[in-house]
Amino acid sequence: SIDKYFGTWKKSDNLSYPQYAPVKELTAPRDTTVVGQEAAFMMMGWNFPGSASAEIDTLQVIDHILANGKAGLFDLNINQKMKCQYAASMLDGMNEYSQFILYGMPMPGQSLKDVRDIMLAEIEKLKKGEFSDDLLPSVINNIKLDYNNSLESNEWRANEFVDAFINHETWQDKVNYINRISKITK
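In the numbering used here, the protein residues as written are 75 to 260.
Encoded structure:
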């Protein structure tokens, strides 16, 4: 049992964490072009506070509103309509900072700027609330379903403890995730 092997361990008050200078805030878009052998694609991202911040819940829901593989704004309005080869979003939540990333691949002959503009048009729809009233509750219900299914995995549950520790999240915040996102409204 856990108590048998780890029950006598005590937390050290002498733990130190590396201290880094804050990353410079981006004040203007920065465009970087990389040339290689792979097919062309574009990535666009925004910096946000770390995983323990209140914004992360909203960003996770936004990620699923944009692209969930079936009924997200990118899925319905870009991928299924073949406005570009592929469009997706991703939230990469980390300790100090998080990144919200859009990823797009152009159709043959389509420019990366066109792909960017198509995805940004969907972001504008999101900002204005121009999407089905059913989408947000459906996304939240799917997140709940995935969460509850994940609870059956020992590995997933162990990783939740690790993530909470690494990202300085309280366990109370970690276990109340579903309650918090359930209160998000359009």
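Glycine residues also receive a C-beta, built at the ideal position from the N, C-alpha and C atoms.
### Message
Looking at I139: is its Cβ nearer than 8 Å to the Cβ of L219?
### Response
no
### Task
Please report how far the alpha carbon of E112 lies from the alpha carbon of M179, in whole angstroms.
11 Å
### Query
For the 8 Å Cβ check, are there 3 or more pairs between the stretch 150 to 169 and the stretch 180 to 189?
yes
### Task
Give the straight-line distance between the Cα atoms of N222 and V213, rounded to the nearest whole angstrom.
14 Å
### Message
Taking the alpha-carbon of P103 as reference, which of M118, Y94, A95 has the nearest alpha-carbon?
### Response
M118
### Query
Going by DSSP, which residues form a beta bridge with L176?
M118, S163
### Query
How many Å lie between G110 and S185 at the Cα?
16 Å
### Task
Kindly give me the distance between the Cβ atoms of A141 and A161, rounded to whole angstroms, as I take these residues to be in contact under 8 Å.
7 Å
### Query
Quick one: is F122 buried, meaning 16 or more other Cβ sit within 10 Å of its Cβ, or exposed?
buried
### Query
the ligand GDP heavy atoms versus the CB of Y79: any closer than 7 Å?
Questions concerning the ligand GDP fall outside what the structure shown contains, since it holds no ligand whatsoever.
### Length of the line joining the Cα atoms of E243 and Y251
11 Å
### Query
What are the start and end residues of each continuous alpha helix (DSSP H) run of 4 or more residues lying completely inside the stretch 119 to 161, in chain order?
129 to 140
### Message
Using only the alpha-carbon positions, how far apart do Q134 and E226 sit?
### Response
21 Å
### Query
Per DSSP, which one or two residues make a beta bridge with Y79?
DSSP, once it has assigned bridges, lists no residue as partnering Y79.
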